[in-house]
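Enquirer: If you read the sequences in order, they're chains A and B. Each residue of the first sequence is one higher than the one before, counting from 1 in the numbering used here. Each residue of the second sequence is one higher than the one before, counting from 181 in the numbering used here. Think of the CB as a built atom: it goes at the ideal place given N, C-alpha and C, for glycine as much as any other residue. As the structure is a prediction and not an experimental result, all values here were calculated from the model.
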Amino acid sequence: MDQNIAQIVAGLRTAFPDVAFSPQPLIDRSEDDAGAEQVFVRVPPDKIVEVMRFLHDDARCDFQQLASLTCVDYLDFPKARDRYAVVYTLVSPRLNHRMWVKCFVNDPDPAVPSVTGIWNAAEWTEREVFDLFGIRFSDHPDLRRIMTWDGFKAHPLRKDYPLRGHGEREDFTVVTDDSR
Amino acid sequence: MGTDTMTEARPTTMSLEEPGGDLWALNFGPQHPATHTTLRLVLELDGERVVACTPHIGYLHSGFEKLGEHLTYNQYVVVTDRMNYISPMANNIAWHHACEVLFNIELTPRCKVLRTILAELARIQDHLLCVGCTALDLGGFTAFLYGFADREDIYDLCEDICGARFTTSYTRVGGLMNDMPDGWPEKVKAFCRKLPKTLDDIVALLNRNRIFIERTKGIGYINHDDAINWGLTGPLARASGVRRDLRKDEPYLCYADNWDGSGSSGVDFKVPISHGGDVLARYLVRLEEMHQSLAIIAQLIDNIPAGPVNVLADDKQTLPDKREVYTSIEGLIHHFEQVMTNRGHTPPIGEAYGANETASGELGFYLVSDGGIMPYRVHCRAPSFINYQCFPKLVEGHQLSDVVAILGSLNIIAGELDR
Numbered sequence: 001m002d003q004n005i006a007q008i009v010a011g012l013r014t015a016f017p018d019v020a021f022s023p024q025p026l027i028d029r030s031e032d033d034a035g036a037e038q039v040f041v042r043v044p045p046d047k048i049v050e051v052m053r054f055l056h057d058d059a060r061c062d063f064q065q066l067a068s069l070t071c072v073d074y075l076d077f078p079k080a081r082d083r084y085a086v087v088y089t090l091v092s093p094r095l096n097h098r099m100w101v102k103c104f105v106n107d108p109d110p111a112v113p114s115v116t117g118i119w120n121a122a123e124w125t126e127r128e129v130f131d132l133f134g135i136r137f138s139d140h141p142d143l144r145r146i147m148t149w150d151g152f153k154a155h156p157l158r159k160d161y162p163l164r165g166h167g168e169r170e171d172f173t174v175v176t177d178d179s180r
Numbered sequence: 181m182g183t184d185t186m187t188e189a190r191p192t193t194m195s196l197e198e199p200g201g202d203l204w205a206l207n208f209g210p211q212h213p214a215t216h217t218t219l220r221l222v223l224e225l226d227g228e229r230v231v232a233c234t235p236h237i238g239y240l241h242s243g244f245e246k247l248g249e250h251l252t253y254n255q256y257v258v259v260t261d262r263m264n265y266i267s268p269m270a271n272n273i274a275w276h277h278a279c280e281v282l283f284n285i286e287l288t289p290r291c292k293v294l295r296t297i298l299a300e301l302a303r304i305q306d307h308l309l310c311v312g313c314t315a316l317d318l319g320g321f322t323a324f325l326y327g328f329a330d331r332e333d334i335y336d337l338c339e340d341i342c343g344a345r346f347t348t349s350y351t352r353v354g355g356l357m358n359d360m361p362d363g364w365p366e367k368v369k370a371f372c373r374k375l376p377k378t379l380d381d382i383v384a385l386l387n388r389n390r391i392f393i394e395r396t397k398g399i400g401y402i403n404h405d406d407a408i409n410w411g412l413t414g415p416l417a418r419a420s421g422v423r424r425d426l427r428k429d430e431p432y433l434c435y436a437d438n439w440d441g442s443g444s445s446g447v448d449f450k451v452p453i454s455h456g457g458d459v460l461a462r463y464l465v466r467l468e469e470m471h472q473s474l475a476i477i478a479q480l481i482d483n484i485p486a487g488p489v490n491v492l493a494d495d496k497q498t499l500p501d502k503r504e505v506y507t508s509i510e511g512l513i514h515h516f517e518q519v520m521t522n523r524g525h526t527p528p529i530g531e532a533y534g535a536n537e538t539a540s541g542e543l544g545f546y547l548v549s550d551g552g553i554m555p556y557r558v559h560c561r562a563p564s565f566i567n568y569q570c571f572p573k574l575v576e577g578h579q580l581s582d583v584v585a586i587l588g589s590l591n592i593i594a595g596e597l598d599r
């Protein structure tokens, strides 16, 4: 693991002794690639705001930028235990390092506290995840659908949503001479 | 799905019964020449002053991320053309950069040089449009036409190298669709000789133009810390004094030292920074970036290394040369093994993120692979989407006519915004 990231993880463990961060590379490679690894830590949903606040404020972490926020639905992923992971990509422009945070949630009510209080950049990205995956972000100031329309019922990026849709295209009202 | 309770939609209405009373609402877009793309703003105005702005997006949402789960790593490049359609080549390169991070492929030096040149041409292509549009939106048509004329030449260069002007789809996992044709470097050099003249013309028209300065200086200001907090990257962040460019900070291709494996240093260029934070600063940063891109191309174009563009065919990671496919049985078998749905080359199980510095900022792809020939999940970190969120903050308090100036300076491309 990269020196900077190892220090950050050590700092996290000191600040939150009761959270098992279990740092892991995003992809397992051979030993000689260890320096170039992309590392993620796991954070439970009830701790996410505190941990993110620490990562943002602490001088050694200094993650001033939330580069992206997305979600992965692990429904048919080999050996997956949890269904959804909200994935945060954190960047420190000053110290030039990057780390990933994953927050695993499950049905029936997948919900994660919002990090909009820390990064404004979370505002639309959380709305996008809410729209396309149906993850609810509590305390979000304006949690509306963003890509699909307001009356849309499904969450299209979930793995159980078929590529061709549930017939939304076919069920459009067709204007004919009779219906006028 | 049983998730109806979660989708309780709040209607996108606007209350006009605010205290003060005299506000009026203006619906701007979704089809309007000054939005350049398909997006809609609902503006609350006090006379001509913007009191509140609510952007509505999603008009071009086409499920690009869902499509990525049903296309192979090579097929998906076609979709990336349609994302930022102002500089499609940069998207191709960014997509396959992320794939190569996942597959752990080191490209050949020749491929790296060609990709770097094309990435810089794409940057020029994008900036020429954006700089031209900054003027166009303020009523200066000429600068826009100068920029557009030179964009044509870049389209010609794309056509020469891959056969398509617009939907290039030029990259492949571990290489390129084909090698460059003979004489292509000369055409690039001819373009590079011509472009500074165009840039000088644009500068002569705008930089000391009093109307242009008055309309752009101090408009749409965002400071250094806010720019980082809102997730801005690329020229927008650099115009607010953020010293960050992935080409320097997380170098890839020929921007990295030792890119050819024999100790060459990365290409030499400077990253322009401005502290203005306004529309004018963004214009000036883009203008200077084009000069830097020309400098990068000049360093590479005479020294394109010989050798293959694809990583070795023996590795069975890339598609074989078409001549091999048509003339030898081994080539044909190799090709079929790559394209058949029950074979193909498969990445390891895991996740990877790869990002490039494109003209509008950090274009990254987050890939999840379950070991199959198609990605399990594709997430596109689209700069237009992230950059556009701060728009209401930028326009509030400004005049209605400044809205188009700020919108143009953000360089929002709806294909990438809505994906």
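For B/Trp410, name the three-state secondary structure that DSSP assigns.
Expert: Three-state result, B/Trp410: coil.
Enquirer: Under DSSP, the alpha helix (DSSP H) around A/Gln3 begins and ends at which residues?
Expert: First-last of the alpha helix (DSSP H) with A/Gln3: 3-15.
Enquirer: Nearest-angstrom Cα distance between B/Glu286 and B/Asn490?
Expert: Approximately 10 Å, taken between the alpha carbons.
Enquirer: Is B/Gln569 close to chain A? Criterion is C-beta to C-beta, closer than 7 Å.
Expert: For B/Gln569, the answer is yes, since a Cβ of chain A falls inside 7 Å of its Cβ.
Enquirer: With a cut-off of 8 Å, do at least 3 Cβ pairs link the segment 569-588 of chain B to the segment 537-546 of chain B?
Expert: Taking 8 Å as the limit for Cβ pairs, the verdict is that the segment 537-546 of chain B does not touch the segment 569-588 of chain B.
Enquirer: Let me know if B/Thr507 comes out buried or exposed under the rule of 16 or more other beta-carbons within 10 Å of its beta-carbon.
Expert: It is exposed - the Cβ of B/Thr507 has fewer than 16 other Cβ atoms within 10 Å.
Enquirer: Any idea if B/Thr410 is buried or exposed, counting beta-carbon neighbours within 10 angstroms, 16 or more meaning buried?
Expert: Here the sequence assigns Trp to residue 410 of chain B, which means Thr is not the residue at that position. The residue in question, B/Trp410, is buried, as its Cβ has 16 or more Cβ neighbours within 10 Å.
Enquirer: With distances taken from CA atoms, which of A/Val112, A/Asp160, A/Arg53 is nearest A/Cys61?
Expert: Answer by Cα proximity: A/Arg53.
Enquirer: Please report the residue range of the beta strand (DSSP E) in which B/Arg222 lies.
Expert: It should be noted that the sequence gives Val, not Arg, for residue 222 of chain B. It spans 220-226 - the beta strand (DSSP E) in which B/Val222 sits, taken as one unbroken run.
Enquirer: Taking Cβ positions only, does B/Gly595 come closer than 7 Å to chain A?
Expert: It does not; no Cβ of chain A falls within 7 Å.
Enquirer: For a cutoff of 7 Å on Cβ pairs, would you count A/Glu123 as touching chain B?
Expert: For A/Glu123, the answer is yes, since a Cβ of chain B falls inside 7 Å of its Cβ.
Enquirer: For chain B, find out if any of its Cβ atoms is closer than 7 Å to the Cβ of A/Thr70; answer yes or no.
Expert: Chain B contact via Cβ: present.
Enquirer: Suppose the cutoff is 6 Å on Cβ atoms and the five residues either side in sequence are ignored; what does the same chain contact list for B/Ile592 look like?
Expert: For B/Ile592, where only same-chain residues beyond five positions count, the Cβ hits under 6 Å are Ser564, Tyr568.
Enquirer: Do you know how far the Cα of B/His404 is from the Cα of B/Val353?
Expert: So the two alpha carbons sit approximately 37 Å from each other.
Enquirer: Output, in chain order, the set of chain A residues within a Cβ distance shorter than 9 Å of B/Trp439.
Expert: In chain order: nothing, as chain A lies at least about 15 Å away.
Enquirer: Express the C-alpha separation of A/Tyr84 and A/Val112 in angstroms, rounding to a whole number.
Expert: Approximately 11 Å, taken between the alpha carbons.
Enquirer: With a threshold of 7 Å between beta carbons, is B/Asn403 in contact with chain A?
Expert: Cβ-Cβ to chain A under 7 Å: no for B/Asn403.
Enquirer: Contact defined as beta carbons within less than 8 Å: I believe B/Ile266 pairs with B/Asp202. What is the distance between those atoms, to the nearest angstrom?
Expert: Not confirmed; about 39 Å, so no contact.
Enquirer: Closest Cβ-Cβ distance between B/Asn536 and chain A: below 7 Å?
Expert: Taking Cβ atoms only, chain A never reaches closer than 7 Å to B/Asn536, which makes this a no.
Enquirer: If you draw a straight line from the alpha carbon of A/Asn4 to that of B/Phe516, how long is it in whole angstroms?
Expert: If you take the alpha carbons of A/Asn4 and B/Phe516, they lie about 45 Å apart.
Enquirer: Measuring CB to CB, does B/Pro488 end up less than 7 Å from B/Thr288?
Expert: Yes.
Enquirer: Does A/Thr14 get closer than 7 Å to chain B when you measure Cβ to Cβ?
Expert: Judged by the 7 Å Cβ criterion, A/Thr14 is not in contact with chain B.
Enquirer: Could you tell me the boundaries of the beta strand (DSSP E) in which A/Lys102 lies?
Expert: It spans 97-105 - the beta strand (DSSP E) in which A/Lys102 sits, taken as one unbroken run.
Enquirer: Can you give me, in chain order, the residues of the segment 538-553 of chain B that have a beta carbon less than 9 Å from any beta carbon in chain A?
Expert: For the segment 538-553 of chain B, which is checked against every Cβ of chain A, the residues closer than 9 Å are Glu542, Gly544, Tyr546, Val548, Ser549, Asp550, Gly551.
Enquirer: Which residue wins for smallest C-alpha separation from B/Glu537, given the options B/Trp275, B/Leu251, B/Asp261?
Expert: It is B/Trp275 whose Cα lies nearest to the Cα of B/Glu537.
Enquirer: Please report the residue range of the beta strand (DSSP E) in which B/Thr288 lies.
Expert: Run containing B/Thr288: none; DSSP gives neither H nor E here.
Enquirer: Just the chain A side, please: which residues come within less than 7 Å of B/Glu245 by C-beta, in chain order?
Expert: Within 7 Å Cβ-Cβ: Leu157.
Enquirer: State the DSSP-derived secondary structure class of B/Asp501, mapped to helix, strand or coil.
Expert: In the structure shown, B/Asp501 sits in coil (DSSP, three-state: anything other than H, G, I, E or B).
Enquirer: Excluding the five sequence neighbours on either side, which residues of its own chain have a C-beta within less than 7 Å of the C-beta of B/Leu480, listed in chain order?
Expert: Val293, Thr296, Ile297, Cys434, Val447, listed in sequence order.
Enquirer: At a CB distance below 7 Å, what residues from the segment 413-445 of chain B approach chain A? Give them in sequence order.
Expert: For the segment 413-445 of chain B, which is checked against every Cβ of chain A, the residues closer than 7 Å are Val422, Arg424, Asp429.
Enquirer: Which two residues bound the contiguous beta strand (DSSP E) that contains B/Pro235?
Expert: First-last of the beta strand (DSSP E) with B/Pro235: 229-236.
Enquirer: Counting only Cβ-Cβ distances shorter than 7 Å, please list the residues of the segment 218-250 of chain B near chain A, keeping chain order.
Expert: If the cut-off is 7 Å between Cβ atoms, the segment 218-250 of chain B has Ile237, Gly238, His241, Gly243, Glu245, Lys246, His250 near chain A.
Enquirer: How about B/Gly530: is its C-beta nearer than 7 Å to some C-beta of chain A?
Expert: Answer yes: the Cβ-Cβ gap between B/Gly530 and chain A drops below 7 Å somewhere.
Enquirer: Could you please tell me which residues of the segment 87-99 of chain A, in chain order, have their CB closer than 8 Å to any CB of chain B?
Expert: Residues Val87, Thr89, Pro93, Asn96, Arg98.
Enquirer: At which residues does the beta strand (DSSP E) containing A/Pro181 begin and terminate?
Expert: This structure leaves residue 181 of chain A out entirely; chain A is present only between 1 and 180.
Enquirer: Skipping 5 residues on each side, what residues in its chain have a beta carbon closer than 6 Å to that of B/Val230?
Expert: Contacts found: Leu223, Val575, Glu576, His578.
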